[in-house]
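So the protein lines, in turn, are chains A and B. In case it helps, numbering that gives the first Met the number 0 puts the first sequence at residues 0 to 264. In case it helps, numbering that gives the first Met the number 0 puts the second sequence at residues 0 to 264. For glycine and all other residues, C-beta sits at the position ideal for the given N, C-alpha and C. Just so it is clear, the structure is predicted and the values come from calculations on it, not from any experiment. Just below is one structure, and these are the notes that go with it.
2 protein chains.
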Amino acid sequence: MSKAEIKDRARLKKKERRRQILLELKLRPHVRISELAQRFNVSTETVRRDFDALSGEGLIARAHGGASAPSQGHYPNLDERANSRIDERERIGRRAAKLVREGETVMIDSGSTTIEMARALAYLGTPCTVITNSIPVAMTLGHGAPEVLLCPGEYLAAESAVIGTETLEFLSRFNVDRCVIGSSGFSTEGPSESVRGFAAVKRMMLQRAEYRHLLIDSQKFGRKGLAHVGDLTGLQSIVVDSRPKDALLGALVAANVDIISTDDT
Amino acid sequence: MSKAEIKDRARLKKKERRRQILLELKLRPHVRISELAQRFNVSTETVRRDFDALSGEGLIARAHGGASAPSQGHYPNLDERANSRIDERERIGRRAAKLVREGETVMIDSGSTTIEMARALAYLGTPCTVITNSIPVAMTLGHGAPEVLLCPGEYLAAESAVIGTETLEFLSRFNVDRCVIGSSGFSTEGPSESVRGFAAVKRMMLQRAEYRHLLIDSQKFGRKGLAHVGDLTGLQSIVVDSRPKDALLGALVAANVDIISTDDT
DNA sequence: ATTATTTTGTTGCATAAGCCACGTTTCAGT
DNA sequence: ACTGAAACGTGGCTTATGCAACAAAATAAT
Numbered sequence: 000m001s002k003a004e005i006k007d008r009a010r011l012k013k014k015e016r017r018r019q020i021l022l023e024l025k026l027r028p029h030v031r032i033s034e035l036a037q038r039f040n041v042s043t044e045t046v047r048r049d050f051d052a053l054s055g056e057g058l059i060a061r062a063h064g065g066a067s068a069p070s071q072g073h074y075p076n077l078d079e080r081a082n083s084r085i086d087e088r089e090r091i092g093r094r095a096a097k098l099v100r101e102g103e104t105v106m107i108d109s110g111s112t113t114i115e116m117a118r119a120l121a122y123l124g125t126p127c128t129v130i131t132n133s134i135p136v137a138m139t140l141g142h143g144a145p146e147v148l149l150c151p152g153e154y155l156a157a158e159s160a161v162i163g164t165e166t167l168e169f170l171s172r173f174n175v176d177r178c179v180i181g182s183s184g185f186s187t188e189g190p191s192e193s194v195r196g197f198a199a200v201k202r203m204m205l206q207r208a209e210y211r212h213l214l215i216d217s218q219k220f221g222r223k224g225l226a227h228v229g230d231l232t233g234l235q236s237i238v239v240d241s242r243p244k245d246a247l248l249g250a251l252v253a254a255n256v257d258i259i260s261t262d263d264t
Numbered sequence: 000m001s002k003a004e005i006k007d008r009a010r011l012k013k014k015e016r017r018r019q020i021l022l023e024l025k026l027r028p029h030v031r032i033s034e035l036a037q038r039f040n041v042s043t044e045t046v047r048r049d050f051d052a053l054s055g056e057g058l059i060a061r062a063h064g065g066a067s068a069p070s071q072g073h074y075p076n077l078d079e080r081a082n083s084r085i086d087e088r089e090r091i092g093r094r095a096a097k098l099v100r101e102g103e104t105v106m107i108d109s110g111s112t113t114i115e116m117a118r119a120l121a122y123l124g125t126p127c128t129v130i131t132n133s134i135p136v137a138m139t140l141g142h143g144a145p146e147v148l149l150c151p152g153e154y155l156a157a158e159s160a161v162i163g164t165e166t167l168e169f170l171s172r173f174n175v176d177r178c179v180i181g182s183s184g185f186s187t188e189g190p191s192e193s194v195r196g197f198a199a200v201k202r203m204m205l206q207r208a209e210y211r212h213l214l215i216d217s218q219k220f221g222r223k224g225l226a227h228v229g230d231l232t233g234l235q236s237i238v239v240d241s242r243p244k245d246a247l248l249g250a251l252v253a254a255n256v257d258i259i260s261t262d263d264t
């Protein structure tokens, strides 16, 4: 008996429905319960139950009347950290955006802090050309004044960015005024990164830029990620929310790195 | 005194508040009106007005009770199109996804119909490699089985895709099993496209693929977009929601193009 | 077939959000 | 100070959503 066919036409099963909800959320920032109920031809209560289940698994974020994707470029640990460091990130991003001058060409790395910078840059509306491997950065800037060149590469869903040899090869073809990178660790040995494949991208960006900036949250001082990105001497300046001290400060001075702190008046 | 002048010297309070809203949305997928009203110590009406203004500028996506970032899929042009003929698109997408076999390499074009196909393909979970210039397609497939290679290029916010010489050059380096494209028009002369810069991308994809498929809504039969994409003879098959008739059918038969209709049982 | 289990629908009500109109406050320019 | 425009708040009302408990239907298991 072809019950399956009949069901397929009439109504989707639970699993399929939830799958569709997740897919929909990859394309739209927000879906409404009422919309989905209509689309799936089920009651709003059913959709609500789907939402409860999915949000229990952390796959969606509930909202009054609907749901959204958990987070833009959902970074694994972002939720915990970001909530406690909103201001720091925002300030670092704003300060860093001011470094970019009209008409410049800038490479921007992927990462939560660089997304903040992109937001600030979009707000400033500085006309410039941005080359990035981060989808959120491209989308943020894409609506505004800057021209955006997106890198090719293997798409990494977890970070909403591209990496790989294609990315590196593409970056290697450009010479830019500045590059702005973030990193998951920062010690006297320089920035380091723990996400696979990102270190190489950051390294290449540093190589192709005349002025090299690192955006780094003071929480990351002293931490070391898996892969070494580069030496301190390779940086012109770091943008931080609070000035480093002791050994790290000494190393930065020795390496002649400018420290731009949002703490300074 | 002109209104423009007043606008220029917009109040700090309002401006700052709206800036904060945007910032918040970069970190969270969704904010509630009630939350913001409390946080800024203003009435909900004020926040509502902020939302109206911001959503008018396309900076946020409104929702019942709050708003979300337009981040993941804000396609101004796509929205209108997507709302009509959802079923047709879904069926076409589902059918087209079945064309892809395990291990194949596929180029997928940007467009609302190809996004539907990407969804279906993600659902099927066919392991394959996808090369695309569409951000939504990359994001949809990125979480699943397929490997995704994103093209470089100039980011076009309105279509959430990349175009330009970089894109073409990148595509030209690959030889793939299939390519799947959409178009805004389809006549006896072949598919045509009205969005600037897209025709060239489609043409290049057709050039690099062994099997070439066109996904096309029957509403577009007979329409001609600005730029010619290619001849009918360049296509192996078209996937449609309803079989073409008369002259178009004749031309397709003459060009030896397979017609895959979702109407067929 | 029958029962048990899961899934979905329905109803009623409390709460939240939307919306409109009007009054009040704020602030730049005079 | 004065004034007018813009921004903001308040109140009254309508609509939408959330929630919970129970009924109905579908599905799975025996």
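In the DSSP assignment, Ile-114/A falls within the alpha helix (DSSP H) that extends over 111 to 123. Any Cβ of chain A closer than 9 angstroms to the Cβ of Phe-220/B would place that residue at the interface, and such an atom is absent.
Membership of Ala-60/B in any alpha helix (DSSP H) is not indicated; the residue belongs instead to the beta strand (DSSP E) covering 60 to 62. Distance check between Thr-128/A and each of Gly-221/A, Val-41/A, Val-175/A, Ala-60/A places Val-175/A closest, using alpha-carbon atoms only. The stretch 96 to 106 of chain B makes no contact with the stretch 90 to 110 of chain A; the number of CB pairs closer than 8 angstroms stays below 3.
Per DSSP, reduced to three states, the secondary structure at Ser-159/B is coil, with no helix or strand assignment. By the criterion of a C-beta distance shorter than 7 angstroms, Ala-160/B is surrounded in its chain by Ser-109, Asn-132, Ser-133, Ile-134, once the five residues flanking it on both sides are discounted.
In the structure shown, Ser-260/B falls within a strand segment according to DSSP collapsed to helix, strand and coil.
Fewer than three Cβ pairs drawn from the stretch 185 to 192 of chain A and the stretch 175 to 192 of chain B lie within less than 8 angstroms of each other, which leaves the two stretches out of contact. Of the candidates Arg-242/B, Ser-241/B, Gly-249/B, Asp-240/B, the residue whose Cα lies closest to the Cα of Leu-231/B is Gly-249/B.
Here Ser-236/A carries a strand assignment [DSSP, helix/strand/coil]. Just so you know, the alpha carbons of Ile-32/A and Asp-51/A end up roughly 12 angstroms apart. With a threshold of 9 angstroms between beta carbons, Phe-50/A makes no contact with chain B. Look at the stretch 88 to 112 of chain B: it has no residue with a C-beta under 8 angstroms from a C-beta of chain A. By the neighbour-count criterion, in which a residue is buried when 16 or more other Cβ atoms sit within 10 angstroms of its Cβ, Thr-104/B is buried. Here DSSP, grouped into helix, strand and coil, assigns Pro-135/B to helix.
Cβ-Cβ distances below 6 angstroms link Leu-148/A to Ile-130 in the same chain, with the five nearest sequence neighbours on each side left out; the list follows chain order.
At a cut-off of 9 angstroms, the C-beta of Arg-47/A has no neighbouring C-beta in chain B.
Contact annotation: Gly-152/A and Thr-139/A have beta-carbon atoms that are not nearer than 9 angstroms. Following the DSSP letters along the chain, one finds Val-147/B inside the beta strand (DSSP E) bounded by residues 146 to 149.
Among the residues of chain A, those whose CB is under 9 angstroms from the CB of Ile-134/B are Ile-134, Ala-137, Met-138, Leu-149, following chain order. Taking Ala-198/A as the centre and dropping the five residues before and after it, the same chain places the C-beta of Glu-192, Ala-226, Val-228 closer than 6 angstroms to its C-beta, in chain order. Gln-218/B counts as exposed, since fewer than 16 other C-beta atoms from the protein chains shown sit within 10 angstroms of its C-beta.
The C-beta of Arg-172/B has fewer than 16 other C-beta atoms within 10 Å across all chains shown, which makes the residue exposed.
Residue Ser-183/A holds the alpha-carbon nearest to the alpha-carbon of Arg-222/A among Thr-113/A, Ser-67/A, Ser-183/A, Arg-48/A. Here Thr-43/B is exposed, its C-beta having fewer than 16 other C-beta atoms within 10 Å. The beta carbon of Leu-123/B is closer than 6 angstroms to those of Ala-96 in its chain, skipping five residues each way along the sequence.
Membership of Gly-65/A in the beta strand (DSSP E) is indicated by the continuous run 65 to 67. Gly-65/B is positioned such that its CB atom lies no closer than 9 angstroms to that of Val-41/B.
Closest in alpha carbon position to Asp-216/A, among Ser-236/A, Arg-195/A, Gln-235/A, Ser-241/A, is Ser-241/A.
With contacts defined by Cβ atoms closer than 9 angstroms, Val-238/B and Leu-214/B form a contacting pair. The contact set of His-212/A on chain B, defined by CB atoms closer than 9 angstroms, is empty, because the minimum CB distance reaches about 20 angstroms.
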